[in-house]
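Colleague: Quick note, the sequence shown lines up with residues 16 to 611 if you use my numbering.
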Amino acid sequence: MRSSILPAGLMLFLLLCLAGCGGDSPETASTEGGGDGAMDPGGPDGDMGMDPGMEGGMEDPGMEEGMDDTGMGDPGMEDPGMAEDYMEEGMDDTGMGDPGMEDPGMAEDYMEEGMDDTGMGDPGMEDPGMAEDYMEEGMDDTGMGDPGMEDPGMAEDYMEEGMGDPGMGDPGMGGGRTQGSQPKTFAEMAQQAFGQGRDNDAFKYLFAHAVTADDASARGLLAKMGWIGPLKRPGLALRWGIGIEFNSKGYDGDKLYPIGSTQKVQARERGGFGQGRGRDNAGDDMMQGGGDMMQGGGDMMQGGGGQGADGQLEKYTGELGQMAVDGLRERVARGDFGLVLKEAGSAGTSNRGRGGMDPGMEGGMDPGMEGGMDPGMEGGMEEGMGGRGGGRSGRSRGRGAMGPAQQLVPGVVLVGLAPAKDLLKMAEQAGVDVLCVFNVSVSQIRRTGQVSNNVKIQLYNLADGKKTFETDVVNNLAVQNARANENSRGGDPVDKELEKLFQEIDTNWRLGAIPTSLQPEHALGRVGELLKETHQNPLSVLAEIRMYQTRGLLQDSHLLLAYQRMTNDHSGTALATGTEEERKQVIEPWLPVRGG
16 MRSSILPAGL MLFLLLCLAG CGGDSPETAS TEGGGDGAMD PGGPDGDMGM
66 DPGMEGGMED PGMEEGMDDT GMGDPGMEDP GMAEDYMEEG MDDTGMGDPG
116 MEDPGMAEDY MEEGMDDTGM GDPGMEDPGM AEDYMEEGMD DTGMGDPGME
166 DPGMAEDYME EGMGDPGMGD PGMGGGRTQG SQPKTFAEMA QQAFGQGRDN
216 DAFKYLFAHA VTADDASARG LLAKMGWIGP LKRPGLALRW GIGIEFNSKG
266 YDGDKLYPIG STQKVQARER GGFGQGRGRD NAGDDMMQGG GDMMQGGGDM
316 MQGGGGQGAD GQLEKYTGEL GQMAVDGLRE RVARGDFGLV LKEAGSAGTS
366 NRGRGGMDPG MEGGMDPGME GGMDPGMEGG MEEGMGGRGG GRSGRSRGRG
416 AMGPAQQLVP GVVLVGLAPA KDLLKMAEQA GVDVLCVFNV SVSQIRRTGQ
466 VSNNVKIQLY NLADGKKTFE TDVVNNLAVQ NARANENSRG GDPVDKELEK
516 LFQEIDTNWR LGAIPTSLQP EHALGRVGEL LKETHQNPLS VLAEIRMYQT
566 RGLLQDSHLL LAYQRMTNDH SGTALATGTE EERKQVIEPW LPVRGG
């Protein structure tokens, strides 16, 4: 009896061993991919883009409701070959297959095809407000988390108990750290950078936190990622750039008389727009006559008086630019451009004064910035401009230095003074998503000697560089006359154009929730497109890829393959499966330079 059982047991053991050798491992995928960061244009099948039968299969209600918790298929399917059969047959019933499907080559086909026709732009996903309720109801309590906290919600309790402010913490202490201590986590470094006006560095630290932190902490931050409708892609925040395009039209005087200033006629006292007028009428006395404070040859606004970005914007655009930034500040505070910026603003950086001084920063200056100005930006932003009596010509105002952008409010930076085409390049360097250009044209009326200052506001989509919106021209003399005549028809010109601007912003330029129609095949297609592109700093891309994985739209094996393609086999494996310290070592070259 025993002799007959033994051979049968041995045969079963051998069969099990043979069955276990049928699947491909992640190491096999790295060998196929080459690990050189570039995609192999010829996949194994060559036809693994979106199958015509796939769209119908991805609309299974059960998948949308249960994807976050259950992955992307039936956990009972343990044979990788079965997943391949489903993929080839059209995935009508199973969506992306089984979480146990370990053949990265199948995801590789998706990535290499790139889903050129669909990308992320599913017709059901172009409405940025599709899932706004999800953002407002489901993400307010996640906090930024802490790399050591496994429960993202613990961060909020910790902040409320120990820091007094459930947002970003005390701006002078980097988010709950004791005064004078150095930030220890990437999340704390991001808080400190926002407080110092270094938006680009802050976002790099946030992306680093998302890539290196444990699953729970990363999920807490990446849950705040939303959808930027006009760009048709996800983002951690909607970031704004402000630019000034100046045309002197032969006028070489010192006084620009921006919108809201007066010439000969005293302006009447007025109310506010949004958060109110940033300047009362006492300032008008200093903007006419000698004009020492506003226009007088450099004493305050012109010649390195420490006024920074706010002063430069006010100098050229006057009340119009000042109120536009106030409106953006208000929307940052209520979370229209993302919870990350809302929390950054609650740290106090949005309360910086008109002089551009950061609370908690000595002298109001960023490290390495003298007088609150960008390196190389003598006299603020004007090329060839000295101080008072420097022989400044109106023609010299047309182009600004290419220094780093200056923060006006977290998520809103002044990129510079230049022609529009150069402002677009500067905005791209600043990492913003939308550029708001103040086109300023100044001339002198010979008959009256008055200075005419015309301003119009334009919005540019940084995804394609195209202008998407433009206000009518606002003229300083027309504004002055309308305010002097209470019976003037049409209302106040400034309020009228700002109302148009913010109607456009509130309709189209908000960070909505990730659309519920986003499916795994869309995520794979998006990853494929990202892998085709060249990225000077891949932190934001790595964070976006992990976001898909934390939401159940990307399998772990796909994450590994994407990270290997983005970096190399060794680094990609460390990022996907290594410890937090191993991940930090990989991303070290992409972090902001300390002290810079």
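Don't be surprised by glycine CBs; every beta carbon is placed ideally from N, CA and C. Values in this document were obtained by computation on a predicted structure and should not be read as measured data.
Under the assumption that residue 452 contacts residue 335 (Cβ atoms under 8 Å), give the Cβ distance between them as a whole number of angstroms.
Modeller: Position 437 of the sequence shown, counting from 1, holds the residue named residue 452. Position 320 of the sequence shown, counting from 1, holds the residue named residue 335. Contact doesn't hold; Cβ gap of about 13 Å is too wide.
Colleague: What separation, rounded to the nearest whole angstrom, lies between the Cα atoms of residue 463 and residue 484?
Modeller: Taking the first residue of the sequence shown as 1, we reach residue 463 at position 448. Taking the first residue of the sequence shown as 1, we reach residue 484 at position 469. Straight-line Cα distance between these residues: approximately 34 Å.
Colleague: Tell me where the beta strand (DSSP E) around residue 488 begins and ends.
Modeller: For the purposes of this step, residue 488 is taken as the residue at position 473 of the sequence shown. Where residue 488 is concerned, there is no enclosing beta strand (DSSP E), given that its DSSP letter is neither H nor E.
Colleague: For residue 277, count the other beta carbons within 10 Å of its own beta carbon; 16 or more makes it buried, fewer makes it exposed. Which is it?
Modeller: Here residue 277 corresponds to residue number 262 of the sequence shown, with the count starting at 1. Buried: at least 16 other Cβ atoms inside 10 Å.
Colleague: Determine the DSSP secondary structure at residue 262, reduced to helix, strand or coil.
Modeller: Looking up residue 262 in the sequence shown gives position 247. In this structure, residue 262 counts as strand in the three-state DSSP scheme.
Colleague: Put residue 447 into one of helix, strand or coil per three-state DSSP.
Modeller: What you label residue 447 is simply residue 432 of the sequence shown in a count that begins at 1. Correct three-state label for residue 447: coil.
Colleague: Using only alpha-carbon positions, find the residue among 581, 228, 342, 239 that is nearest to residue 550.
Modeller: For the purposes of this step, residue 550 is taken as the residue at position 535 of the sequence shown. It is 581 whose Cα lies nearest to the Cα of residue 550.
Colleague: Given this structure, state the Cα-to-Cα distance separating residue 349 from residue 430, to the nearest angstrom.
Modeller: The residue labelled residue 349 in the question sits at position 334 within the sequence shown. The residue labelled residue 430 in the question sits at position 415 within the sequence shown. Between residue 349 and residue 430, the C-alpha separation is close to 24 Å.
Colleague: Residue 474 bridges to which residues according to DSSP?
Modeller: Working through the sequence shown from its first residue, we reach residue 474 at position 459. 451, 484.
Colleague: Where residue 606 and residue 240 are concerned, what is the direct C-alpha to C-alpha distance, given to the nearest angstrom?
Modeller: One-based indexing of the sequence shown puts residue 606 at position 591. One-based indexing of the sequence shown puts residue 240 at position 225. Rounded to the nearest angstrom, the two C-alpha atoms are 20 Å apart.
Colleague: For residue 454, count neighbouring Cβ atoms within 10 angstroms of its own Cβ and tell me buried if that reaches 16, exposed if not.
Modeller: Looking up residue 454 in the sequence shown gives position 439. Buried.
Colleague: For residue 275, tell me which candidate among 344, 323, 468 has the shortest Cα-Cα distance.
Modeller: In the sequence shown, residue 275 corresponds to position 260, counting from 1. With distances taken between Cα atoms, residue 275 lies closest to 468.
Colleague: Buried or exposed for residue 10, please, with buried defined as at least 16 other CB atoms from any protein chain shown within 10 angstroms of its CB.
Modeller: Since the first and last residues shown for the chain are 16 and 611, residue 10 lies out of range.
Colleague: Please report the straight-line C-alpha distance between residue 246 and residue 329, rounded to a whole angstrom.
Modeller: As a working mapping, residue 246 is identified with position 231 in the sequence shown. As a working mapping, residue 329 is identified with position 314 in the sequence shown. So the two alpha carbons sit approximately 30 Å from each other.
Colleague: Who pairs with residue 249 in a beta bridge, going by DSSP?
Modeller: Here the question's residue 249 lines up with position 234 in the sequence shown. 242.
Colleague: Give the straight-line distance between the Cα atoms of residue 593 and residue 601, rounded to the nearest whole angstrom.
Modeller: For the purposes of this step, residue 593 is identified with residue 578 of the sequence shown, where counting begins at 1. For the purposes of this step, residue 601 is identified with residue 586 of the sequence shown, where counting begins at 1. One C-alpha to the other measures close to 10 Å.
Colleague: Starting from residue 422, trace the beta strand (DSSP E) both ways and give me its first and last residue.
Modeller: Position 407 of the sequence shown, counting from 1, holds the residue named residue 422. Residues 421-424.
Colleague: For the beta strand (DSSP E) containing residue 431, name the first residue and the last one.
Modeller: Looking up residue 431 in the sequence shown gives position 416. Note, residue 431: beta strand (DSSP E), 427-432.
Colleague: Taking only three categories from DSSP, how would you classify residue 275?
Modeller: Translated into positions along the sequence shown, residue 275 becomes position 260. Reduced to three states, the DSSP call for residue 275 is coil.
Colleague: Helix, strand or coil: how does DSSP classify residue 256 here?
Modeller: The residue given as residue 256 occupies position 241 in the sequence shown. Strand at residue 256.
Colleague: Return the CA-CA distance between residue 269 and residue 544, expressed in angstroms with no decimal places.
Modeller: The residue given as residue 269 occupies position 254 in the sequence shown. The residue given as residue 544 occupies position 529 in the sequence shown. The straight-line gap from Cα to Cα measures roughly 50 Å.
Colleague: Express the C-alpha separation of residue 548 and residue 199 in angstroms, rounding to a whole number.
Modeller: Numbered from 1 along the sequence shown, position 184 holds the residue referred to as residue 199. Numbered from 1 along the sequence shown, position 533 holds the residue referred to as residue 548. If you take the alpha carbons of residue 199 and residue 548, they lie about 33 Å apart.
Colleague: I need the straight-line Cα distance from residue 260 to residue 206, nearest angstrom please.
Modeller: Here residue 260 is taken as the residue at index 245 of the sequence shown, counted from 1. Here residue 206 is taken as the residue at index 191 of the sequence shown, counted from 1. When rounded, the distance between both Cα atoms is 32 Å.
Colleague: Could you say which of 554, 518, 516, 563 lies nearest to residue 599 if we only look at CA atoms?
Modeller: Taking the first residue of the sequence shown as position 1, residue 599 is located at position 584. Considering only alpha carbons, the answer is 554.
Colleague: CB of residue 585 to nearest heavy atom of the ligand SAH: below 7 Å?
Modeller: Inclusion of the ligand SAH in the displayed structure is not the case, the ligand content being empty and no account of it being possible.
Colleague: Inspect the beta-carbon positions of residue 489 and residue 515 and report whether they are closer than 8 Å.
Modeller: Along the sequence shown, one-based indexing puts residue 489 at 474. Along the sequence shown, one-based indexing puts residue 515 at 500. Cβ distance not < 8 Å, so residue 489 and residue 515 don't count as in contact.
Colleague: List, from N- to C-terminal side, the alpha helix (DSSP H) runs of 4 residues or more that fit wholly inside the segment 545-601.
Modeller: Counting only runs of 4 or more, we get 554-565, 571-581, 584-592.
Colleague: Would DSSP call residue 457 helix, strand or coil?
Modeller: For the purposes of this step, residue 457 is taken as residue 442 along the sequence shown, with counting starting at 1. Residue state, collapsed to three classes: strand.
Colleague: According to DSSP, is residue 500 part of a helix, a strand, or is it coil?
Modeller: Here residue 500 refers to the residue found at position 485 when the sequence shown is read from its first residue. If DSSP states are grouped into helix, strand and coil, residue 500 belongs with coil.
Colleague: Rounded to whole angstroms, how far is the Cβ of residue 225 from the Cβ of residue 233, which I believe are closer than 8 Å?
Modeller: What you label residue 225 is simply residue 210 of the sequence shown in a count that begins at 1. What you label residue 233 is simply residue 218 of the sequence shown in a count that begins at 1. Right, their Cβ atoms sit about 5 Å apart.
Colleague: So what does residue 323 bridge to, in DSSP terms?
Modeller: As a first step, residue 323 must be located in the sequence shown, where it is residue number 308. Its beta-bridge partners do not exist; DSSP assigns none.
Colleague: Quick one: Cα of residue 586 to Cα of residue 578, how far?
Modeller: Locating residue 586 in the sequence shown gives position 571, counting from the first residue. Locating residue 578 in the sequence shown gives position 563, counting from the first residue. When rounded, the distance between both Cα atoms is 8 Å.
Colleague: Cβ atoms of residue 450 and residue 442: under 8 Å apart, would you say?
Modeller: The residue labelled residue 442 in the question sits at position 427 within the sequence shown. The residue labelled residue 450 in the question sits at position 435 within the sequence shown. Contact flag set, yes.
Colleague: Give me whichever residues DSSP pairs with residue 467 in a beta bridge.
Modeller: Walking along the sequence shown from the start, residue 467 turns up at place 452. Answer by DSSP bridge pairing, in chain order: 458.
Colleague: By how many angstroms is the C-alpha of residue 500 removed from the C-alpha of residue 424?
Modeller: Position 409 of the sequence shown, counted from the start, is the residue given in the question as residue 424. Position 485 of the sequence shown, counted from the start, is the residue given in the question as residue 500. Each residue's Cα considered, the two are about 35 Å apart.
Colleague: Thinking C-beta only, is residue 244 closer than 8 Å to residue 527?
Modeller: Locating residue 527 in the sequence shown gives position 512, where the first residue counts as 1. Locating residue 244 in the sequence shown gives position 229, where the first residue counts as 1. In contact: residue 527 and residue 244 (Cβ atoms closer than 8 Å).
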